[in-house]
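In case it helps, the UniProt record's numbering puts the sequence shown at residues 1 to 208.
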Amino acid sequence: MENRSVGIVMIGLPKVGKTTLVNQFCGLPVSEEYQQTEQEHTVNTVLTINKVGYRFTFNDCNGDSFLNARTTNNSMLSKGKIHILVASRSESDSGEFLQGQFRDINDRDGDNSPCYRLVYVTHSDENDDDNVVEKIKSFLPDGIKLFQFNALTQKEDIQSSLTDFLKRAVVEHQELFDGCVVSNTTSNSKSCNESSKKEKKGKKCVML
Numbered sequence: 001m002e003n004r005s006v007g008i009v010m011i012g013l014p015k016v017g018k019t020t021l022v023n024q025f026c027g028l029p030v031s032e033e034y035q036q037t038e039q040e041h042t043v044n045t046v047l048t049i050n051k052v053g054y055r056f057t058f059n060d061c062n063g064d065s066f067l068n069a070r071t072t073n074n075s076m077l078s079k080g081k082i083h084i085l086v087a088s089r090s091e092s093d094s095g096e097f098l099q100g101q102f103r104d105i106n107d108r109d110g111d112n113s114p115c116y117r118l119v120y121v122t123h124s125d126e127n128d129d130d131n132v133v134e135k136i137k138s139f140l141p142d143g144i145k146l147f148q149f150n151a152l153t154q155k156e157d158i159q160s161s162l163t164d165f166l167k168r169a170v171v172e173h174q175e176l177f178d179g180c181v182v183s184n185t186t187s188n189s190k191s192c193n194e195s196s197k198k199e200k201k202g203k204k205c206v207m208l
């Protein structure tokens with residue numbers, strides 16, 4: 001029987017730091033040099049929430065795919081019920097791009113509708129000359145968390161922000177986590193030793 005995992009989808013334009021955030025969430029090395037994600041990329045990990053280990057799959061892809069291929073966009077959105085939307089102070093259009101992701105959930109295909117959305121703004125150490133953060137705040141629905149980090153240097157804060165959110169999510173939507181528990185979890189460490197640059201067909205936890 002194939003193991004299930006909680007699907008998390010990374011959404012955003014190129015160069016905003018989606019892959020860097022995934023690596024920080026999972027405790028993987030990060031690079032100061034920009035490395036373009038060439039194709040759909042999944043990273044499997046185990047995160048410990050309230051002393052219970054759960055399998056997670058982070059679904060990442062080249063940001064150009066969201067702009068150039070609607071089918072890729074729809075395919076990515078359907079890979080998880082937790083959507084992490086990423087913008088950057090250094091990419092002037094990155095905030096406006098996210099606005100389209102906040103249209104009424106009732107207008108979406110059921111497979112693409114998230115249970116949760118979080119917004120991360122990277123390059124928090126840079127001046128926000130293009131008012132990226134203010135633009136996001138202008139359309140951000142009530143109750144949606146917005147975090148600002150330097151994705152390269154604030155590893156512990158980034159990990160804590162996700163862990164704190166997941167502690168709430170596992171209570172509110174236990175069905176997302178059913179079947180995703182790792183047996184014999186003995187520590188609070190994060191394990192991220194499986195990754196693939198090819199789209200996986202693994203079974204994900206979805207809300208029915």
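All C-beta atoms in this analysis are idealised placements derived from N, C-alpha and C, irrespective of residue type, glycine included.
If we count the other Cβ atoms within 10 Å of its Cβ and call it buried at 16 or more, is residue i buried or exposed?
{"i": "K18", "result": "buried"}
{"i": "S138", "result": "exposed"}
{"i": "residue 230", "result": "As displayed, the chain neither begins before 1 nor continues past 208, which places residue 230 out of reach and without an answer."}
{"i": "Y116", "result": "buried"}
{"i": "V171", "result": "exposed"}
{"i": "N23", "result": "buried"}
Quick check on the DSSP output: the alpha helix (DSSP H) that includes residue i runs from which residue to which?
{"i": "G95", "result": "S94 to Q99"}
{"i": "F66", "result": "D64 to N68"}
{"i": "S138", "result": "V132 to F139"}
Can the beta-carbon of residue i be found less than 8 Å from the beta-carbon of residue j?
{"i": "G53", "j": "G7", "result": "no"}
{"i": "V133", "j": "L85", "result": "no"}
{"i": "H123", "j": "S88", "result": "yes"}
{"i": "N73", "j": "T57", "result": "no"}
{"i": "N62", "j": "Q35", "result": "no"}
{"i": "K135", "j": "G95", "result": "yes"}
Cα separation between residue i and residue j?
{"i": "N68", "j": "P14", "result": "12 Å"}
{"i": "R55", "j": "T48", "result": "9 Å"}
{"i": "L162", "j": "V30", "result": "18 Å"}
{"i": "P114", "j": "H83", "result": "6 Å"}
{"i": "A151", "j": "E175", "result": "30 Å"}
{"i": "V181", "j": "L77", "result": "23 Å"}
{"i": "S90", "j": "N50", "result": "36 Å"}
{"i": "D125", "j": "N131", "result": "14 Å"}
{"i": "D60", "j": "L21", "result": "10 Å"}
{"i": "D93", "j": "G143", "result": "23 Å"}
Tell me where the beta strand (DSSP E) around residue i begins and ends.
{"i": "R168", "result": "That residue, R168, is in no beta strand (DSSP E); its alpha helix (DSSP H) goes K155 to E172."}
{"i": "V182", "result": "Run containing V182: none; DSSP gives neither H nor E here."}
{"i": "V86", "result": "I82 to S88"}
Q) What beta strand (DSSP E) runs, 3 residues minimum, are completely inside the segment 24-53? A) 41-49
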